[in-house]
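Residue numbering for the sequence shown follows this note's numbering, starting at 409 and increasing by one per position.
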Amino acid sequence: MKIAYAFRRCSLYPYNGAGFPTSAADRKQFLSKVKEIGFDGIELPAMNLPDTEVANLRSELEGAGVPCVAIRGGGGAAHPRVAAANKRSMINAVEFAAKVGAGVVNSTVTTPPRDPNGKGTY
Numbered sequence: 409m410k411i412a413y414a415f416r417r418c419s420l421y422p423y424n425g426a427g428f429p430t431s432a433a434d435r436k437q438f439l440s441k442v443k444e445i446g447f448d449g450i451e452l453p454a455m456n457l458p459d460t461e462v463a464n465l466r467s468e469l470e471g472a473g474v475p476c477v478a479i480r481g482g483g484g485a486a487h488p489r490v491a492a493a494n495k496r497s498m499i500n501a502v503e504f505a506a507k508v509g510a511g512v513v514n515s516t517v518t519t520p521p522r523d524p525n526g527k528g529t530y
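#1: According to DSSP, is residue 418 part of a helix, a strand, or is it coil?
#2: Would you report the Cα separation of residue 463 and residue 508, rounded to the nearest angstrom?
#3: Checking 8 Å against the spacing of the C-beta atoms, do residue 481 and residue 513 come in under that value?
#4: For residue 473, which residues in the same chain have their Cβ closer than 6 Å to its Cβ, ignoring the five residues on either side in sequence?
#5: Going straight from the alpha carbon of residue 469 to that of residue 452, what length do you get?
#6: With distance defined between alpha-carbon atoms, name the residue in 493, 484, 498, 479 nearest to residue 511.
#7: I need the straight-line Cα distance from residue 437 to residue 504, nearest angstrom please.
#8: Roughly how many angstroms lie between the CA atoms of residue 448 and residue 471, to the nearest whole one?
#9: In whole angstroms, give me the CA-to-CA distance for residue 493 and residue 466.
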């Protein structure tokens, strides 16, 4: 299966800072191009949208023939300074994935090491 990480910065639409095209025409053009290139689905970032907007997004994606197959979740939860916030982000990502129909949530377990030869930051 080929998937595209969708709505990442400036593909075929003006980037609005949130990674989500606000214009329906821009989304339609982007999704059409994704389908034309041969992708089977897309990966989206977790988004905090009202349920009606999530339902509309899911319908739009499935109607274009490129359903959401994966959600990019929150950061690592191993470090005490960020664990609570990242845990909440991951819960939000799982809830969003269920609503948009994605069967996969991607995430990290640890953060990159400060020392390239060292172990990760736990």
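Every residue, glycine too, gets a C-beta built ideally from N, C-alpha and C. Predicted model, so just to flag it, every value in this text is computed and none were measured.
This is what the structure holds:
#1: In this prediction, residue 418 scores a pLDDT of 48, lower than 50, which makes its location untrustworthy; the coordinate-derived value is nonetheless stated afterwards. Residue 418 falls in the coil class under three-state DSSP.
#2: 7 Å
#3: yes
#4: 443
#5: 11 Å
#6: 479
#7: 24 Å
#8: 13 Å
#9: 26 Å
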